[in-house]
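S.K.: This is the structure I have questions about; it appears just below.
Residue numbers (the working numbering): 75 to 400.
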């Protein structure tokens, strides 16, 4: 499979983005000063056994589906159990494990990636035509996702984007995070949403103002203790997430049409994995900002719907704006 990998480059005066046809993986987001702000693997082989999903396009459903089953239009569907009793990141149907067709614009500032899922693949119904556009607009990377299906199905994808604004010389504990959210998902010990949306007030999930991640992530909190960090969905209010490095010289402003964000603090990365420029991987080495639907939405009527119907195509857009400050 490795011989089929192709790498592409989009470039303008502010950003350089490198990505692959395999998994729609983004390997580099280089700022005007040459700094790469996304985590990547030091060798290509690691992408074929990527337990951390470093900057790939995950779908048709990102995250966990409880008990690897769901009912839609009165019909029961069984999925692969690839994380205990549950389904994670769509199992073998995961779009992050597929080779996409790629069409790059003449200006090298825009690329359209397409793939078609097959009815029954991984247990999911419907033939789904998926299109992902990566486009550079000044200091902004625009990610537009479109999809059409021939029968009702689940479709709740996201770019699993891992950031570190400090050159990967340290973790994300000193980064500042701001999320416009008053509610976050309560999780079971198996990292499955209970369906309850908890209030962030007086908890280490209150990021309504700039908060140093390290001041929260070490707290003794039942929800943080599940994974030793964050892996939680936040219902967005003004649809923006802001990440800054400790000196506020690099900022990421992520906006979206999606209803939620999942914040994952790379809780399982170890030194066995070699990342940027051959460094040893380490826990909390990056923060993953997943703009998406709330996880396991099919089982919770109070969550925004993750169902895709033939008569209503999927169309969502997320924008990642990178600002260098003096």
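C-beta atoms are modelled at their ideal positions from N, C-alpha and C, and glycine is treated no differently.
Remember, predicted model here, so these are calculated numbers, not experimental data.
If we count the other Cβ atoms within 10 Å of its Cβ and call it buried at 16 or more, is residue 311 buried or exposed?
M.R.: exposed
S.K.: Can we say the stretch 78–91 touches the stretch 174–187, given the rule of at least three CB pairs closer than 8 Å?
M.R.: yes
S.K.: Are the beta-carbon atoms of residue 338 and residue 375 separated by less than 9 Å?
M.R.: no
S.K.: Using the C-alpha atoms, what's the distance from residue 326 back to residue 239?
M.R.: 9 Å
S.K.: With residue 203 and residue 221 assumed to form a contact (beta carbons below 8 Å), what rounded beta-carbon distance in angstroms separates them?
M.R.: 7 Å
S.K.: Which two residues bound the contiguous alpha helix (DSSP H) that contains residue 296?
M.R.: 296–299
S.K.: Looking only at DSSP bridge pairs, what is residue 386 linked to?
M.R.: For residue 386, the pairing in a beta bridge is given by DSSP as 383.
S.K.: Could you check what DSSP says for residue 327 in three-state terms: helix, strand or coil?
M.R.: strand
S.K.: Exposed or buried, residue 118, counting other C-beta atoms within 10 Å across all chains shown (16 or more means buried)?
M.R.: So residue 118 ends up on the exposed side.
S.K.: Taking only the alpha-carbon atoms, compute the straight-line gap between residue 251 and residue 303 and give it to the nearest angstrom.
M.R.: Between residue 251 and residue 303, the C-alpha separation is close to 14 Å.
S.K.: Can you grab the Cα-Cα spacing for the pair residue 263 / residue 121, in whole Å?
M.R.: So the two alpha carbons sit approximately 28 Å from each other.
S.K.: Would you check if the stretch 155–164 and the stretch 127–140 touch, i.e. whether three or more CB-CB distances between them fall below 8 Å?
M.R.: yes
S.K.: Could you name each continuous beta strand (DSSP E) segment of 3 residues or more that falls completely within the stretch 118–150, going from the start of the chain to the end?
M.R.: Considered as a whole, the stretch 118–150 harbours 143–146 as its complete beta strand (DSSP E) runs of no fewer than 3 residues, in chain order.
S.K.: Do three or more CB pairs link the stretch 100–119 to the stretch 318–337 at distances below 8 Å?
M.R.: yes
S.K.: Using the DSSP secondary-structure output, state which residues sit across from residue 69 in a beta bridge.
M.R.: There is simply no residue 69 to check, as the chain begins at 75 and stops at 400 in what is shown.
S.K.: Using the Cβ count rule (16 or more neighbours within 10 Å means buried), how would you classify residue 123?
M.R.: The residue is exposed, with fewer than 16 neighbouring Cβ atoms inside 10 Å.
S.K.: State the CB to CB distance for the pair residue 353 and residue 242, rounded to an integer number of angstroms; the pair is presumed to be in contact (CB under 8 Å).
M.R.: Between residue 353 and residue 242 a beta carbon distance of about 6 Å is seen, short of the 8 Å cut, so the two are scored as contacting.
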